[in-house]
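If you're matching positions, the sequence shown starts at 779 in this note's numbering and goes up one per residue. Just so you know, even glycine gets a beta-carbon here, dropped at the ideal spot from N, CA and C. Since this is a predicted model, take the numbers as computed values, not measurements. Just below is one structure, and these are the notes that go with it.
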Amino acid sequence: MAGKFVISKDKKGEFRFVLKAGNGEIIAMSEGYASKSGAQNGIESVRKNAPDAAVVDES
């Protein structure tokens, strides 16, 4: 099963998204957005900007 983005509304009324792996584990969690469209734009930004993102080890 492929990963998926899940949008939800938190207790403060903000929209957030999480990226879940195929096994259901959360891989990434967003900041809070005032609107659902803001969260959807955040998802599109991740899709657009991260497919070839470098890994930087700062340890």
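If you measure between the beta carbons of residue i and residue j, is that distance less than 7 Å?
i, j, result
"glycine 810", "alanine 780", "no"
Could you pull out every residue in the same chain whose Cβ sits closer than 8 Å to the Cβ of residue i, ignoring the five residues on either side in sequence?
i, result
"alanine 832", "none"
"alanine 806", "Val796, Leu797, Val824"
Beta-carbon within less than 7 Å of residue i's beta-carbon, same chain only, minus the 5 sequence neighbours each way: which residues are those?
i, result
"glycine 820", "Phe795, Ser808, Tyr811"
Assuming residue i contacts residue j (C-beta within less than 8 Å), just tell me the rounded distance between them.
i, j, result
"lysine 782", "lysine 798", "6 Å"
"phenylalanine 793", "alanine 817", "4 Å"
From the options, pick the residue whose C-alpha is nearest to that of residue i; which is it?
i, options, result
"glycine 802", "Ser815, Pro829, Val784", "Val784"
"glycine 813", "Gly791, Lys826, Glu836", "Position check: residue 813 holds serine in this sequence, whereas glycine was assumed. Nearest of Gly791, Lys826, Glu836 to serine 813, Cα basis: Gly791."
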